[in-house]
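Just so it is clear: in the sequence shown, position 77 is 77 by the UniProt record's numbering, and no numbers are missing.
Single-structure report; data block below.
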Amino acid sequence: MKILMKIKESLHPTSVIKLSRLRNKGHDRCLACTHPELKLDFTLDDPHTLRTSIDFTDSMTSFNDMVHGGLQAFVIDEAMTCALMGLGIYGATAELKLRYRHPVEVGPTAHIRVWVERRDRRLSEIKAELTQKGTVCTKAQARFMQLSLHP
1 MKILMKIKES LHPTSVIKLS RLRNKGHDRC LACTHPELKL DFTLDDPHTL RTSIDFTDSM
61 TSFNDMVHGG LQAFVIDEAM TCALMGLGIY GATAELKLRY RHPVEVGPTA HIRVWVERRD
121 RRLSEIKAEL TQKGTVCTKA QARFMQLSLH P
């Protein structure tokens, strides 16, 4: 799965470092980051874009060999969380809405595009699209509350 993050604020190479530090500090047991079949990993493509990739497996399906919608929600939510960490912000999902438009299959790499629509003092509004073979399969929008990391 590839993640693209478009935001008004520019990311810098230090954003990947921030993301890595925050993931190691308070996010080190995250299932999406540590599960052997998921292990979402991010790289910086340009000043506004973070990427990761995943290939869904047979064990991630529901009926008719489609990738389970709950798993799609899980990895989209994780991508949004990591996008905020790239900005140096810890956040928790306050609301997540998804629209499943097309089945996601096992095999072809899926891609997620994530962008921060708006940030207030403690609230961030984020949108995402999961695509596969050039087709938008899942659209998501979420609101995240900024949190402090426990010492």
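Note that the Cβ used here is the ideal one computed from N, Cα and C, for glycine as well.
Note that this is a predicted model, so its numbers are computed, not measured.
One thing to note: Ala79 has its Cβ within 7 Å of the Cβ of Ile112. In the three-state reduction of the DSSP assignment, Cys82 falls in the helix class.
Cys137: member of the beta strand (DSSP E) spanning Thr135 to Leu147, first to last residue.
In this structure, the CA atom of Gln132 is about 32 Å from the CA atom of Asp120. Glu129: member of the beta strand (DSSP E) spanning Leu123 to Gln132, first to last residue. Sorting Phe144, Thr61, Thr109 and Leu31 by C-alpha distance to the C-alpha of Leu130 places Thr109 at the top.
Contact check between the stretch 83-92 and the stretch 100-107: fewer than three CB pairs, one atom from each, fall below 8 Å, which does not count as touching. In this structure, the CA atom of Val75 is about 8 Å from the CA atom of Leu40. Burial state of Leu147 is exposed, judged by a 10 Å Cβ sphere holding fewer than 16 other Cβ atoms.
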